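To start, the structure itself, in structure tokens.
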Amino acid sequence: MTTMAIDLNPYFRKLILVATHNPVVAKIVNAYGMRLGASRFVAGESFDECAPKLQQLNRDGFKCNTTILGEAITDRALANQVTDDYISILDRIERDGIECNLAVKLTQMGLNIDEELAYANIERLVRHAWAKGNFVRIDMEDSPLVDVTLRIYTRLRDAGYDNVGTVLQSYLYRTGDDYEGLIPYRPNLRIVKGAYLEPPTVAYPSKSDVDARYLILTKDMLAHNVYTGIATHDTKIIDAVIEYANRNGISRDTFEFQMLYGIATNLQKDLVARGYTVLIATPHGPQWYFYLMRRLAERPANVLFFLKNLFR
Ligand SMILES: Cc1cc2nc3c(=O)[nH]c(=O)nc-3n(C[C@H](O)[C@H](O)[C@H](O)COP(=O)(O)OP(=O)(O)OC[C@H]3O[C@@H](n4cnc5c(N)ncnc54)[C@H](O)[C@@H]3O)c2cc1C
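Numbers 65 to 376, taken from the working numbering, label the letters of the sequence shown in order.
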């Protein structure tokens, strides 16, 4: 008798991402999440809690970024406040001598209210970062926001800011074209697989296609001397990138690996020990719910980890 192995992970991922919008799930996870293990992925609910963790990561040889968790803001005053908070964090980073840049979401800076509001806020932040010699990366959110995110990114570049980068997602069919359009900007790009629930009309449904596209895009970026943040915990991809870079004489100065706080920590340390630049994305803030749910969706074992803590 033959048995057929069925990969349940895509179903699981969809289940968790759909459940994210269920108010009962949100209530329970928000009430107990931090105690049950969210702190494995979130470096504290304030920058005061996060800062010592960033300093420790620096001592261990890592670059870092930080994010104030939160997205899809619908209040103008709040969007302006978040921008002010990021500006204060840039000042703290400079004052405390932490090596840390920022990764931000445009929907937290008012994109769902008005594109001009989001632009004004991100421009204010990037200008402040420029004065401090720091860097801001604009995260990529779900597919309806890709056009406007790239529009704001290129507008900042056209305004003369080169201390800003953005992100491309290998699961989207459109990403090859987006990438081609960005090459003339000599961009600083992070490449990810993609974390949102996208329909098969816009994104590859099969993980093997997403992985294959990831490698094709990354190799092309390295070949074009595009500074690339290779953001993945996938050892097969990391090994293939290293092999490609070695074979083609690509300098380690033109790329870095990027991983998430609390995930694959041995792999993070191993790459630093081998002399590669590794940036740890180290988010903080009380609005951790959506971030946590995306991390749970990526790996069934993370949900088990939560449930074990519940019954401990
Ligand atoms: C620095 C960084 C920034 C990111 N920014 C964005 C962004 O702007 N927009 C966006 O859409 N997505 C973003 N992502 C998320 C990304 O799209 C993927 O969802 C996420 O990285 C998981 O995919 P993977 O590349 O690690 O590969 P996978 O094939 O999903 O995982 C490879 C291996 O990594 C480990 N792993 C992966 N995820 C987890 C987890 N949650 N917990 C424990 N182990 C895990 C497992 O061992 C797994 O087998 C970012 C990821 C990183 C690392």
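Using N, Cα and C, we set each Cβ at its ideal position, and we do this for glycine too. None of the values given here were measured: they were computed from a predicted structure.
Straight-line gap, residue i to residue j (C-alpha atoms, nearest Å)
| i | j | result |
| --- | --- | --- |
| Pro264 | Leu175 | 25 Å |
| Asn129 | Gly197 | 14 Å |
| Leu286 | Val88 | 45 Å |
| His288 | Ala107 | 35 Å |
| Gln172 | Ala141 | 11 Å |
| Arg191 | Asp149 | 15 Å |
| Ile157 | Val342 | 19 Å |
| Tyr291 | Asn312 | 16 Å |
| Glu113 | Ile216 | 31 Å |
| Gln145 | Ile301 | 39 Å |
| Asp178 | Val212 | 11 Å |
| Ile80 | Lys91 | 15 Å |
| Ala361 | Lys78 | 7 Å |
| Asp317 | Gly245 | 24 Å |
| Asn227 | Lys372 | 43 Å |
| Ala83 | Asp242 | 31 Å |
Extent of the continuous beta strand (DSSP E) run through residue i
| i | result |
| --- | --- |
| Ala295 | Tyr291 to Ala295 |
| Arg359 | It is not in any beta strand (DSSP E) - Arg359 instead sits in the alpha helix (DSSP H) that spans Tyr353 to Glu362. |
| Asn165 | Cys164 to Val168 |
| Met345 | Checking the displayed sequence, the identity of residue 345 turns out to be Ala instead of Met. Unbroken beta strand (DSSP E) run through Ala345: Val342 to Ala345. |
Exposed unless 16 or more other CB atoms sit within 10 angstroms - verdict on residue i
| i | result |
| --- | --- |
| Asn185 | buried |
| Gly349 | buried |
| Lys169 | buried |
| Ala193 | buried |
| Glu307 | exposed |
| Thr138 | exposed |
| Pro208 | exposed |
| Tyr75 | exposed |
| Glu180 | exposed |
| Ala95 | exposed |
| Asn366 | buried |
| Ser234 | buried |
| Arg277 | buried |
| Leu189 | buried |
Contact test: residue i Cβ vs ligand 2 heavy atom, cutoff 7 Å
| i | result |
| --- | --- |
| Val231 | For the structure depicted, ligand 2 is absent and the ligand set comprises only ligand 1. |
is_contact[residue i, chain D] using C-beta, thresh 8 Å
| i | result |
| --- | --- |
| Asp334 | This model lacks chain D altogether, as it is built from one protein chain only. |
Residue range of the unbroken alpha helix (DSSP H) whose run includes residue i
| i | result |
| --- | --- |
| Leu304 | Checking the sequence, you will find Ala at residue 304 rather than Leu. Where Ala304 is concerned, the enclosing alpha helix (DSSP H) stretches over Thr299 to Arg311. |
| Asp275 | Lys271 to Ala287 |
| Asp334 | Thr329 to Ala337 |
DSSP bridge partner residues for residue i (one or two, in chain order)
| i | result |
| --- | --- |
| His85 | The partner list for His85 (beta bridge, DSSP) is empty, contrary to what the question assumes. |
| Phe321 | Ile294 and Val342 |
| Phe267 | Looking at the sequence provided, one finds Ala at residue 267 rather than Phe. Looking at the DSSP assignment, Ala267 forms a beta bridge with Leu236. |
Practice item. Scan the region 104-145 and note each continuous beta strand (DSSP E) run of 3 residues or more that stays entirely inside, going in chain order. Key: DSSP runs (the beta strand (DSSP E)) wholly in the region 104-145: 127-130.
Check your understanding: What are the complete beta strand (DSSP E) segments, minimum 3 residues, inside the region 202-262?
Key -> Counting whole runs of 3 or more residues, the region 202-262 contains the beta strand (DSSP E) stretches 228-233 and 252-256.
Review point. Taking the runs of the alpha helix (DSSP H) that are 4 residues or longer, which of them lie wholly in the region 174-201?
Key: If we require 4 residues or more, the alpha helix (DSSP H) runs fully inside the region 174-201 come out as 179-195.
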